[in-house]
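J.: In the UniProt record's numbering, the protein residues as written are 1 to 383.
Just so it is clear, CB atoms sit at the ideal spot from N, CA and C, and this is done for glycine as well.
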């Protein structure tokens, strides 16, 4: 099994999940997308800078990661045009035409003062094939060089490269070879979790970990389902982000709560008069104070995804991760025979077999140890 690599200037090796906007729960790293900052009226980067950056604006004393806005190229495809200069699109707020270039993206992120910032990359959906994928890959490499040159705070902010190449192993390998020649603090894998099969997904993840530096962070973007997290930690990644833990919990719209054995659909009739907590072994405010009946309005602060990552982390530190994986899969699916084949194959590729019996102790995320925050380079304005 690959060891998850270190965070920049940190002695720990720990997986990290960034569930968007859950900063009041998470004690390590918070995720923000910077592309929206210059679009929202009265909340431009100059104003955020005056507030001592995002840390002061959000009253967030720990680490922050900002995205470059490249992913929004996919979601705003009908409003955008991609050229070598950058991404030109119309603001969904007031219709103003805006050019987001690599230099502008870095300028915004420098003003925001995040601890980790992402390069602007040319993003295409994982289901796209043909010349557009190759064009986006080579453009992402060129844009990385422009982002590196534009970074005015390289000693205070960590700029991560984003590997592209779609589902083409040749293009992925070429992008990895090119980007790993640049001396950046960390690397992310982009362009996955966009509709490809799970078999295609894990093979691209494995191809990437085999070629990324072991001593630098590996960030897999857009991954947040529990099985995906555990498998991808085994494959060698240690940073993840996903809207799933938050979106699936949006109160009366979705009303799902993550639990060790999957998810609870709190909108189902069977929970209408149920006063039990969502998870009796969870110590988050929702589970301590509210029942199934009330939980629909509070599931966004139920932290099962965070507890899962803490349990993974604890098992790595205690050198029992393979056993943890077996217990997790048994808890999630009932038996290893019912586990999805892609997960079985992916884990077998790093010598973790699910055919062995699980441990006698039941899997309990509530025992996850609280661990200190990684010591990314602090900004001079913070303690």
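Do residue 161 and residue 146 come within 8 Å of each other at the CB atom, strictly closer than that value?
T.: No, these two residues do not count as a Cβ contact at 8 Å.
J.: For a test of the three-state rule: what should DSSP assign to residue 124, helix, strand or coil?
T.: Coil.
J.: Let me make sure I understand the geometry here. Which of 88, 131 and 346 has the alpha-carbon closest to that of residue 98?
T.: Per the Cα distances, 88.
J.: Looking only at its chain, what residues have a beta carbon closer than 6 Å to the beta carbon of residue 193, apart from the 5 residues adjacent to it on each side?
T.: Contacts found: 222 and 223.
J.: Would you kindly work out how many angstroms separate the C-alpha atoms of residue 126 and residue 231, rounded to a whole number?
T.: Cα-Cα distance, rounded: 20 Å.
J.: Which term fits residue 45, buried or exposed, when burial requires 16 or more other beta carbons within 10 angstroms of its beta carbon?
T.: Answer is buried; the Cβ neighbour count reaches 16.
J.: Please list the terminal residues of the continuous alpha helix (DSSP H) segment that includes residue 140.
T.: Note, residue 140: alpha helix (DSSP H), 131-150.
J.: Considering residue 175, what are the terminal residues of the alpha helix (DSSP H) in which it resides?
T.: Element bounds for residue 175: 169-179.
J.: Please confirm whether residue 85 and residue 101 have their CB atoms less than 8 Å apart.
T.: Taking 8 Å as the Cβ cut-off, residue 85 and residue 101 qualify as a contacting pair.
J.: Please report how far the alpha carbon of residue 322 lies from the alpha carbon of residue 355, in whole angstroms.
T.: Residue 322 and residue 355: Cα-Cα distance of roughly 12 Å.
J.: Give me, in chain order, the residues of the same chain whose beta-carbon lies closer than 7 Å to that of residue 195; leave out the 5 immediate sequence neighbours on both sides.
T.: Same-chain partners within the cutoff: 125, 126 and 127.
J.: On the three-state DSSP scale, how would you describe residue 56?
T.: Helix at residue 56.
J.: Among 201, 219 and 214, which residue has its Cα nearest to the Cα of residue 346?
T.: Among 201, 219 and 214, the Cα nearest to that of residue 346 is on 201.
J.: Can you tell me which of the three DSSP states residue 324 falls into?
T.: It is helical.
J.: Between which two residues does the alpha helix (DSSP H) holding residue 207 run?
T.: Start and end: 198-209.
J.: Roughly how many whole angstroms lie between the Cα atoms of residue 163 and residue 188?
T.: Straight-line Cα distance between these residues: approximately 6 Å.
J.: With a threshold of 6 Å on Cβ separation, who are the neighbours of residue 385 within its own chain once the five nearest residues in sequence on each side are excluded?
T.: Not covered by the structure: residue 385. The range shown for the chain is 1 to 383.
J.: Given that a residue counts as buried once 16 or more other Cβ atoms are within 10 Å of its Cβ, and exposed if not, what is residue 83?
T.: Looking at its Cβ environment, which holds fewer than 16 other Cβ atoms inside 10 Å, residue 83 is exposed.
J.: If I'm right that residue 211 touches residue 173 with Cβ under 8 Å, what's the distance once you round it to whole angstroms?
T.: Right, the Cβ-Cβ distance comes to about 7 Å (below 8 Å), so this counts as a contact.
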